[in-house]
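In our numbering, the protein residues as written are 1 to 107.
Cβ atoms here follow ideal geometry from the backbone N, Cα and C, with glycine treated the same way.
Working notes, structure below.
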């Protein structure tokens, strides 16, 4: 009877993989996305898009602000979406590993 003991632990593995570590992974992924958004500073640039930079209300100051913020937002979005795709892919792969391994074992 002792030899069947490891087989009794298989459901516990899935509970641990999905409920415990899956939740930790999702929290880490959300935290990473929040850090990336914070580092790229995209949202404040979008909110203040039409405000002059450094309180320079001259035409050249407003034009410089518009160009700088437009470039900042474009580059930030170009950095954010691939990083977001990588984070989502890691989470998706994490949740697909056990079913994939079970399919490889039994088929």
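Excluding the five sequence neighbours on either side, which residues of its own chain have a C-beta within less than 8 Å of the C-beta of residue i, listed in chain order?
i: residue 101; result: none
i: residue 80; result: 36, 37, 40 and 42
i: residue 34; result: none
i: residue 84; result: 33 and 36
Quick one, which of the options has its alpha-carbon nearest residue i's?
i: residue 53; options: 47, 62 and 46; result: 62
i: residue 23; options: 92, 105, 103 and 99; result: 92
i: residue 12; options: 77, 98 and 27; result: 98
i: residue 49; options: 77, 103, 68 and 17; result: 68
i: residue 44; options: 103, 10 and 76; result: 76
i: residue 94; options: 82, 17 and 105; result: 17
Here's the rule I'm using: 16 or more other beta-carbon atoms within 10 Å means buried, otherwise exposed. How should residue i be labelled?
i: residue 51; result: exposed
i: residue 65; result: buried
Assuming residue i and residue j are in contact, meaning their beta carbons sit under 8 Å apart, how far apart are those beta carbons, in whole angstroms?
i: residue 73; j: residue 96; result: At roughly 34 Å, the Cβ-Cβ gap does not stay under 8 Å, so residue 73 and residue 96 are not in contact.
i: residue 87; j: residue 19; result: Contact flag wrong, Cβ pair sits at about 20 Å.
Please list, in chain order, all residues of the same chain as residue i whose beta carbon is under 7 Å from its beta carbon, the five residues on each side excluded.
i: residue 26; result: 91
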